[in-house]
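Note that the sequence shown ends on residue 768 in my numbering; no numbers are left out. Ideal placement from N, C-alpha and C gives every residue a C-beta, glycine not left out. Since we're looking at a predicted model, the values are computed, not measured. Take a look at the structure below.
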Amino acid sequence: MPTQTEAIIEALEELGGVRTITEIKSWVTNKYGENWKDFSTVIADMVPKRLGGNNSAQIQEKYRVLERVEKGRYRLLNEVKETNTSQTMKHIFIELAKRNNEIKTLSSHKPNWITKVDQSGIYVETEASRQKQERGESSERGAHIQFDYMLIAWEEFTNKRVAIANDFVQTRGRTSFLMAFFAKLPFVEVVQKNGATAIALKEFKTDELPSIKFYRVVDYLNEIIEGIHDPENMRGDIEQARMMASARQDLRLLKVLKDQNKKNVDLIKKYKEDVNRNDIFKEQILKVEFFTITLILLDLLRDLSTKEKKHALLEISMLIVRNSQGDNLMLESVAVKRTNNVINWLQEVHLIDESYVPIFPKGVGYQVFPSNVEQIHEEEEVHLPSRELVNHMYQYITGKGFYYEKDEVTNLYLSLKTKPFVIISGISGTGKTKIVQWFAESVGATERNGQLTIIPVRPDWSDGSDLLGYVDIKGDFKEGPLTKILVNAIENPNRPYFVLLDEMNLARVEHYFSDLLSVMESRKWENGKLMTSPVLDEKTLENEIYLPSNVYIIGTVNMDETTYPFSKKVLDRANTIEFNRVKLDYLRFLTDTEEIDSVTIHNEAFETKYLHLKDVYTQQAKLVEDVTEEIVKINEALQMIAAHVGYRVRDEICFYMAYNEKGNLLSYNDALDRCILQKILPRISGSDTRVDRVLKGLYKVFTNKELTDVKSVTDDDIALAKYPKSTEKVVEMMRRLDEDGFTSFWIGS
C-alpha cells in the first residue's frame, strides 16, 4: 500500500493534465479504498515552498511535486515529468543497447561495437579505437558513453524533431554513433534534409490511434452487419452520434470502412465467415504502424511495471502524435485516453498479456531476435502495367491541384525509363520542381521515407566530391548529399529512388557531375542484374558503392546570366524536357479532380530493360529501322554545323520508342516528336547563316515544306506538321536568329 502522497502522485500521473482535488480523491479512493479522509490539506502541502507551499507542513521535500494552477486545481511539476521522461528513455536506451551488439553509422556504415552495458552508460569500440590501443596510443580499447550524455543528445534531437549532424551541438564528438543508435528506435527514421542524412521523429495524428474502447467498435461493426446502422448516414441523439462517429473513425483506421465511410465488402465478408473474428481484428491492427511501434516499445519495456509501461507509452505518444489538423502535438488529456485505448485494443486481440508483455504471433507482423527488435511488416510493392501506372500518376498529380497535360507525365515516365537522367528546363514558376515531387510521391517515394531527395546545387561546386563526398585530412570519409541515397537504394532494390538536383546549372555540370555521367555509361548486365563501375571504391569507403538501377536523377535548370550552358557531353546523356507552357486562365482542373492515394510501386516499372540496340532490335526490328531512317534524314541537316547525333542518341531514341509502343502510351509520331525535341534540338546554337540553313532543313523534314521566310509560318503550318512540337521549337529558334542574330534551344527558358 503506498502512502497518501505517493497515491496522489500516481493519480496525477495516470489522469494527466490539471486536476481538481475531487478528481484526485476519486481516483485514489477507487483504487485504494477510503483509507484517507483529508485530501485538500495534504495536496496543498505538496506544493514546494518556493511556489507558495505551506512552510509548517511536515511533508518531505521529495514529495513536494505539485503546482497549484488555480484554486483547487493542481498538476505535477514539469521537472518531475522531465525526470520521469529521462528515466523512461534511459531504460529504453539500456534495452536497445543490450539487443544491438553492433551499430553502423548512417553514412559511412562504419561499425561501432557495444561491448558492455551498465546503469551508467554503454561501452563502445570502433576499428579506430582498437587500432589505437594496439599501437599503444591509448590504454582504453573503446569509450564509455554515459546515459546522461546520451540524454542531452536526445533532447537536442527532439527539440529539432528532424536533425542533421550539425544540430548536435553539446554532443558533437559522438554524433555519428548517437544518430545511428537513435535510428534503431521504432519511432525514429532516417531521412534526408537539404541533401544531408538526418534522423526524424515519426509523426502521427490522433486519428491514427483508437478513439474508443475495443468492444464499442466491435458492437458497432456487428450492428452495421445486422443492418441496424448505415455508416454513411448516422442517426440518433447527440451522445449516440458521438459514439458512432468515433467507432466509424476507428473502423476506417482498420480499413473496415473506406473513404466516405463506405463498407470494405471483402473484409467484412471475411470477418463474417471467420470462426474467430478477433483474428481479423488482430491482422488489421498489425497493419497500423502506431500499434506495431507500441508492441516494440512494450517489448523493450517488458521489465517495468504496468504503471511504468503506460507512463512510458504516454510520454512517447505525446512526443510523436499531433492533433487531427497536424498543427500541434497531442494534449496530455487526449494522450491518456488514446494510450489507454491502444492498450485495451492490444489486450482484447491477445497481442499483449495482462502485464502488457507482447505476444508476437508467429510469422505475423513482428519477430524478436536476440540482438535486435526488427519490424518485418512492410507495405508490399505493387506491379502496374505502364498505361495503368501513367493514368494513376496523372490522376494523383492533378488531384493535388496542379495542371499538367497527361502527355507531359507520360513523357517524363518514358524519359526516366529510357535513361535515369532527365533535365527539366523552363521559366520560373511553371512547376518544374513540383511535377517531380508529385510524380515521385504518386508512386510512394517521399522525402520522409528517403525515396525522394531534393539537393540544391551550389554555385561553388567544382568537382565530384561536392556531390559524393571526400576523405578529409584525418582519413575520415565525409559523405556528400548523394552518398546515403545510393546506399539506401542498393539496400532496397525494389523501391525507386528519385534525386532532384535543384537549379542544376548554377555550377558547371561537367565539373561536379562528370564522374556520375561516366559511371552511368558503364552500365552492364551481370548475372541478370544491372551494374556499373564504382562511384566510390573500397579505398574510400568500407564497401564499394555503385550507381544502382533504382536511382533516377532529375535536374531542374534555368537559363539566364547566373547559370552555365550545357555541353554536348551532358545533352547526349539526358532527355531535356521543357516546361514553358502557361495557361493561367485554365481553372477547371481545380474542381474536376479529386485526390487519390499514392501507391507503392515496384522499381520494375521504371527500370530499363535495354542497354544496347541489339536488346531492342531482336524484338522490334521494324521499329528500330523506321526510327533510324528518320534520324538519318535529320542528321543530314545537322551535319553542316557538326551537330549531328551519334550512336548513343540513336539508341536511346529507339529505347524510348520501344517502351512507348510496348505500353501503348503515345502515338508513334507524338513519341518521336518528343524524342527529337528532347534529344536532338538542344544541340543547336549559333549566329551564322549555317545555323539558319540547318533550321530550315529541319523544318522541311518535319513539315515536308520548303521555307523561305520564317515570318510566313502560321499556326496551322505548325499544327499540321508531322512533328508539331519540334516544328514549333525550330520556328521559335529561327525567329530568334532573325531578330537577335543568335539562337539557341535554351533562349526563352
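Does DSSP put residue i in a helix, a strand or coil?
i    : result
V340 : strand
W46  : helix
W480 : coil
Y234 : helix
T584 : Looking at the sequence shown, residue 584 is not Thr but Pro. In this structure, P584 counts as coil in the three-state DSSP scheme.
W765 : coil
Q211 : strand
T502 : helix
H402 : coil
Y718 : helix
L34  : helix
E251 : coil
S105 : helix
K724 : coil
N594 : strand
F388 : Confidence is the limiting factor: at F388 the pLDDT is only 31, short of 50, which leaves the residue's position unreliable, though a coordinate-based value still follows. Looking at F388 - three-state DSSP - the assignment turns out to be strand.
R92  : strand
R527 : coil
K239 : A small fix is needed here, since residue 239 is Tyr in this sequence, not Lys. Looking at Y239 - three-state DSSP - the assignment turns out to be helix.
Pick out whichever of the options has its Cα sitting closest to the Cα of residue i.
i    : options                : result
W132 : A147, S139, Q138, G682 : A147
P478 : D495, L657, V136, A526 : A526
K497 : T124, E29, R406        : T124
D40  : L95, N74, Q79          : Here residue 40 turns out to be Ile, not Asp, going by the sequence shown. I40 has its Cα closest to that of L95, out of L95, N74, Q79.
I769 : P515, A217, I703, Y636 : Past the edges of the chain, shown from 20 to 768, lies residue 769, and the structure says nothing about it.
W173 : E351, P512, F112, Q658 : F112
S568 : V353, E522, E510, N562 : E510
I164 : I218, V210, E29, K109  : K109
L240 : V275, P584, Q211       : V275
V554 : E251, G488, M578, E580 : G488
E327 : Y290, V376, E302       : V376
L772 : D556, V749, Q259       : A query on residue 772 cannot be resolved here, the shown segment of the chain reaching from 20 to 768 and no further.
P500 : D485, I492, A508       : D485
N342 : V236, I504, A217, E227 : E227
K655 : I218, V361, V713       : For clarity, residue 655 is Glu in the given sequence; the question names Lys instead. E655 has its Cα closest to that of V713, out of I218, V361, V713.
W544 : D634, V409, G682, L520 : D634
T225 : A199, H248, D346       : D346
Alpha carbon to alpha carbon, how far is residue j from residue i? Give it in angstroms, no decimals.
i    : j    : result
S434 : T582 : 24 angstroms
N283 : K277 : 6 angstroms
V66  : E25  : 14 angstroms
V37  : I287 : 42 angstroms
V47  : V506 : 55 angstroms
V490 : S617 : 39 angstroms
N280 : S265 : 12 angstroms
L756 : E222 : 55 angstroms
S763 : E175 : 51 angstroms
F144 : T502 : Sequence inspection shows Glu at residue 144; the Phe mentioned does not correspond to that position. Approximately 25 angstroms, taken between the alpha carbons.
P389 : N562 : Annotation note: pLDDT 32 at P389 (below 50); position unreliable, coordinate value reported separately. Looking at the two C-alpha atoms, the distance is approximately 26 angstroms.
E33  : M337 : 14 angstroms
F201 : L566 : 28 angstroms
D759 : Q697 : 24 angstroms
P439 : Y571 : 5 angstroms
F233 : K329 : 18 angstroms
Taking all protein chains shown into account, do 16 or more other C-beta atoms lie within 10 angstroms of the C-beta of residue i, making it buried, or fewer, making it exposed?
i    : result
S139 : exposed
T722 : buried
A640 : exposed
P515 : buried
H631 : exposed
P404 : exposed
M539 : buried
P21  : exposed
A677 : buried
K44  : buried
R191 : exposed
K588 : exposed
P475 : exposed
Is residue i near the ligand FMN, judged by its Cβ being under 7 angstroms from some heavy atom?
i    : result
V284 : Although the ligand FMN was asked about, the structure shown includes no ligands whatsoever.
Counting only beta-carbon atoms, is residue i nearer than 8 angstroms to chain C?
i    : result
K588 : The structure shown contains no chain C, having only a single protein chain.
- Minimum length 4: unbroken alpha helix (DSSP H) runs contained in the region 287-369: 297-304, 308-319, 325-339, 351-367
- Hey, which unbroken runs of the alpha helix (DSSP H) at 4 residues or more fall wholly within the region 647-704? 666-682, 687-694
- Message: Threshold first: 3 residues or longer. Then list the beta strand (DSSP E) segments lying entirely within the region 451-478, N to C.
- Response: 471-475
- Message: If we require 4 or more residues per run, which alpha helix (DSSP H) segments fall completely within the region 134-187?
- Response: 146-153, 166-179
- Query: What runs of the beta strand (DSSP E), each 3 residues or longer, lie entirely inside the region 609-647?
  - Reply: none
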